[in-house]
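Everything on this sheet refers to the single structure shown next.
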Amino acid sequence: MEALVGRRIRSLQALSPDMAEDELGRRLTEQSLASNDGLQSLNRVLDSVRKYRRLVVRMIVVGALLAGVAGLLMSPSYLATAQLAVDVRQSGAVDALNAGGASAAPTPAAEESTIDTHVTVLLSDAYLRRLLPTLRALEDARHGAETGSRTWMQSLRTLFGRTWSATKELLLGKNHEPDDGSALAALKRSLKVGQERRSRIIAVTSMAANPQRAAEIANTVAQSYVDEVARQKQSDVEYALSSLATQSSKVQRDLAKAEEELKASRLGQPSPSRDAALEWQVTTLAQQFETLLRRRQELTAKGLTAQSDVSILATATPPERPTSLHPLLMIPPAAIIFALLACVLAVVLNHFDRTLHTEADAAEALRIPCAGLIPSIPLEPGKQPHYVLEEPASHYARAIRSILVSILASDPATPRSQRVVLVSSSIGGEGKTTLAWSLGLYAARLGWRTLLLDFGQFTRRPSGESANLLSVLAYGRPLADAIEHIHESGIDYLPATSFGGHRLRILADPKIPSLLRQLSDTYDFVIIDGPSLLEAPEARLLASWADHVLLAIHSGSTDREAAQTALHQLVRTEHLNPAQNTRFSSVLTRVEPLQQDQFGERAQQLVKRTWGALCRRSKRAITWRTWRGDAIELKRSGSPKLNPRNWLRSD
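For the sequence shown, my numbering begins at 588 and goes up steadily by one.
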C-alpha cells in the first residue's frame, strides 16, 4: 500500500464504456488466440503420432526388446562390505611414550584427521597396486574352479563384456593399457571406502559381477591394510625401543664418566664447588637413566608390539542378491524413452512430409470436402471391386456406401437421373479404377441403373471384340452395341476406346454433350473412370461433363503439390460448361486398416468374448460346487453316484 501512495489509480469503471469494452475484448482475444495456438500445437503433435503410430509402436517395441536383451547380457552387480574399526587413542601412544608423556584423549579434529588419513591411504594408488598380485591370484584360482560349472548365460555375458570393451577401445581410438594400469583403474572404479556417518568405522565396499569376487576384494583390501598397519606399528615400536636403548647407553656412559670424575675430585685436592657440580651431574644422569629404563619397561609391558590402530570389525560375506536392477525393470524406462524419441521423430517426419494421410490433411490442402476413406484390401487388383459385393458388411462396403451418400447429399435437389460422377487422380496407381468399379457395383446392387464409362489406359475388353464409344462417335454404330451388360453384377459397361491415344478425339467430338444427356436420361448413375491427369492431360475436359468429381488420393503416397495441381486443372474447365454446377470432393484410398472405428469394434468384440468366457467359467464353477454338495448328500443317503460330466451338460 505504501508504494501506491501518491499515485493516481484509475479503475476500469472509471474509463469510458467504449474504451473498457475495447480493452476487455482485446484481452479476451489475446487469451483465446494463445489458447488456440496451444491447442493447435497439441493437435499437430497428436496428428503426427497418429499418422506414424506404427513407427511409434515399433520403436517402443524395439526399445523394450533392446533394454531386455541388454539387461540379460549385462552382468549383475554385487556389493560386499567389510568394516574396519579405528582406535584413535592408540595412534599416538608410541609417540607419547617416546616423548616421555602419557597419551592424552584425542580431540574430535584429531579423530577426523586420523580417519581421513586411513581412508586416503586405502584408496591410494601405491597401496592398491601392492594388492594386484594377490587379487590376480585369487581371480585365477576362482576362475579355474568355475570353468566347468559356468552356465551358457554367464559365458554369453562374458563374451558380450569382452566384445563391448574391445569395441569401446576401438571407437575411442585408445591403445590397450598395461595390465597393471588397467587392473588398477578397474579396481579403483569398483572400490568405495568411506566413514560410516560420524563413527570410527570405515566401510570398504567392493562391487563385482561375481558375489565371491566382491567379498574377496573387500576382505583382501581390509585385511591387508590391517596387517600393514600392524607391521608399521611394530616397526614404530622397534624403532622407539632402539632409540631408547641408544639413549640409555649414552646416558649410562655419561653417568660412569661423571662418577669417575667425582671420585677423582674427592681423592685429589678438595674443591667444594667442583664437587657440588659433579654431584649434581651424576644425580641428573642417574635420573635420566632411570627414566629411560622405566619408559622402555612400560613400552614393553603394555604389549604395544602386538596392537594395531585398525582392526577388522566385520568381514565381507558373498551377497545373495545383486544390487543392480532386474533386467525387466529396465524395460519401462527404455520404452518411455523410445516413445518420446518416436514422438519427436514423428513430429519431424510429419513436418517434412508432403503427402496426404488423413481427412484433415486433404481438406486443408485442397480446400474441398473429403467424401470418405477407403481402406486397403489385401486382394488381387482384379478382385478388389467385387469385394464390395462379397462382403457387404465390411468396412470397405461401408466406405463405398458413405461416398454414395455424400454424393447424394451434396445436392439433394438434383434428380437421381442426372448423377454423372467422374473419378480421377493426379497420377496412376492411386486406386481410381477400383473406386469407380466399387461405386458402380454397389449402386447397381442398390437397384439403380448404373453405367460405367471407362476412359482408363487399359479397358476391360480386348481390342476389336466389340464396339466402344469411339466407334459410336466416329463410325455411327448404335450405342446399344457398345454397351455391355454384366449379368453377375447388374452393371452396364461402356469402354471409351481400346487405345489411349484416341481419348482426345473422343473428348473433342461435338456429339459428346448430346450423348451424355442420352446416358443421363437412361441411367440413374453414370460413373466415369477417367485417366490420371499425369498420363492424359486431356482428362481435365471430363470435369465439364460431370455433376460430381471425385479426386482419388492414395493415403500416405500422393504428394500435396501433385494433388493441388490436379484439382486446379480440373477446376479450370468449369468455363467450358457454365451451366454445369460441378462439385468436387476428395477420397482417400488404400488407407491403413487400423482405424479408430475398427479398433473400437475389435475392442468391443474382445470385451464381449472375455465377458462371455468369464460368465461360462463362473457358471461351471457354481455348477461344480452344486454337484459336489449333491454328491455328498447322495453318498450319505446311499443313492447312486452322479456323473459330473452329465451334470455339467444338463444345462
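A virtual CB, placed ideally from N, CA and C, is assigned to each residue, including glycine. From a predicted model like this one, the values you see are computed outputs, not experimental measurements.
At the level of alpha carbons, what is the spacing between residue i and residue j?
i: Val869; j: Ser830; result: 22 Å
i: Ser993; j: Met917; result: 51 Å
i: Leu1022; j: Ala1067; result: 25 Å
i: Ser1050; j: Ser1058; result: Because Ser1050 carries a pLDDT of 45, less than 50, the predicted location of this residue cannot be relied on, and the following value inherits that uncertainty. Each residue's Cα considered, the two are about 12 Å apart.
i: Ala827; j: Glu885; result: 12 Å
i: Arg631; j: Thr910; result: 43 Å
i: Glu978; j: Ile924; result: 42 Å
i: Gln1182; j: Ser793; result: At Gln1182 the pLDDT is 45, less than 50, meaning the model places this residue with poor confidence; the figure from the coordinates comes in the next sentence. The straight-line gap from Cα to Cα measures roughly 55 Å.
i: Ile1099; j: Ala1083; result: 12 Å
i: Gln839; j: Thr871; result: 11 Å
i: Leu943; j: His1141; result: 8 Å
i: Pro798; j: Asp712; result: 24 Å
i: Ala654; j: Arg641; result: 20 Å
i: Arg1159; j: Leu626; result: 36 Å
i: Ile1070; j: Leu995; result: 25 Å
i: Thr1020; j: Ile1073; result: 17 Å
i: Ala790; j: Arg784; result: 10 Å
i: Ala863; j: Ala845; result: 12 Å
i: Pro1065; j: Gly1034; result: 26 Å
i: Asn806; j: Leu715; result: 13 Å
i: Leu1060; j: Thr1037; result: 21 Å
i: Arg1090; j: Ser1013; result: 17 Å
i: Leu953; j: Val975; result: 28 Å
i: Gln856; j: Thr878; result: 34 Å
i: Met661; j: Ser777; result: 16 Å
i: Ala922; j: Val1178; result: 28 Å
i: Trp867; j: Ser786; result: 52 Å
i: Lys775; j: Ile647; result: 37 Å
i: Leu854; j: Gln874; result: 25 Å
i: Asp1041; j: Arg645; result: 42 Å
i: Ala1239; j: Glu698; result: The shown model of the chain, from 588 to 1238, leaves out residue 1239, and the question about it has no answer.
i: Thr694; j: Thr904; result: 34 Å
Using CA coordinates, which residue listed in the options is at the minimum distance from residue i?
i: Thr902; options: Ala802, Arg640, Ala958; result: Ala802
i: Asp940; options: Asp674, Arg640, Thr704, Asp1146; result: Asp1146
i: Pro816; options: Gly1143, Val675, Val648, Phe876; result: In the sequence on display, residue 816 carries Val and not Pro. Nearest option by C-alpha distance: Val675.
i: Pro663; options: Asp862, Arg1036, Leu912; result: Leu912
i: Ala933; options: Asp634, Leu629, Gly625; result: Asp634
i: Leu652; options: Thr701, Pro920, Val706; result: Pro920
i: Asn937; options: Asp703, Lys638, Ser858; result: Lys638
i: Pro720; options: Ser700, Ala697, Thr707, Asp767; result: Asp767
i: Arg883; options: Ser852, Pro859, Thr833, Gln856; result: Thr833
i: Gln670; options: Gln782, Ser997, Gly1043, Ser1107; result: Gln782
i: Glu1075; options: Leu1028, Ser769, Tyr1110; result: Leu1028
i: Asp1096; options: Tyr1062, Tyr1110, Ser1107; result: Tyr1062
What residues match up with residue i in a beta bridge as DSSP calls it?
i: Thr668; result: Thr792
i: Leu1137; result: Val1010, Ser1172
i: Glu1071; result: Tyr1080
i: Cys957; result: Ser1173
i: Leu1039; result: Tyr1080, Ile1114
i: Thr1020; result: Looking at the DSSP assignment, Thr1020 forms no beta bridge with any residue, so it has no partner.
i: Thr942; result: Asp1146
i: Gly781; result: Ala790
i: Ser898; result: Ala672
Under 8 Å, do residue i and residue j count as touching if we go by C-beta distance?
i: Val1136; j: Ser1011; result: yes
i: Leu1120; j: Ala1153; result: yes
i: Thr1176; j: Ile964; result: no
i: Leu710; j: Val780; result: yes
i: Gly1015; j: Glu1125; result: no
i: Pro536; j: Gly1143; result: With the chain covering only 588 through 1238, there is no way to say anything about residue 536.
i: Val1007; j: Leu1103; result: yes
i: Ser989; j: Gly959; result: yes
i: Tyr1080; j: Leu1039; result: yes
i: Pro906; j: Ala667; result: yes
i: Ile554; j: Leu1026; result: For residue 554 there is no data in the structure shown, the boundaries of the chain being 588 and 1238.
i: Ser822; j: Leu718; result: no
i: Val813; j: Ile899; result: yes
i: Ile804; j: Ala672; result: no
i: Leu1056; j: Ile1093; result: yes
i: Ser1131; j: Gln1105; result: no
i: Ala950; j: Leu991; result: no
i: Leu1009; j: Gly1077; result: no
i: Phe876; j: Leu849; result: no
i: Val824; j: His705; result: no
i: Ser835; j: Leu880; result: yes
Does the beta-carbon of residue i, which I'm using as the reference point, lie nearer than 7 Å to any heavy atom of the ligand HEM?
i: Thr1145; result: In terms of ligand content, the structure shown is empty, and the ligand HEM therefore cannot be addressed.
Inside the stretch 901-941 only - beta strand (DSSP E) runs reaching at least 3 residues: For the stretch 901-941, not one full-length beta strand (DSSP E) segment reaches 3 residues or more.
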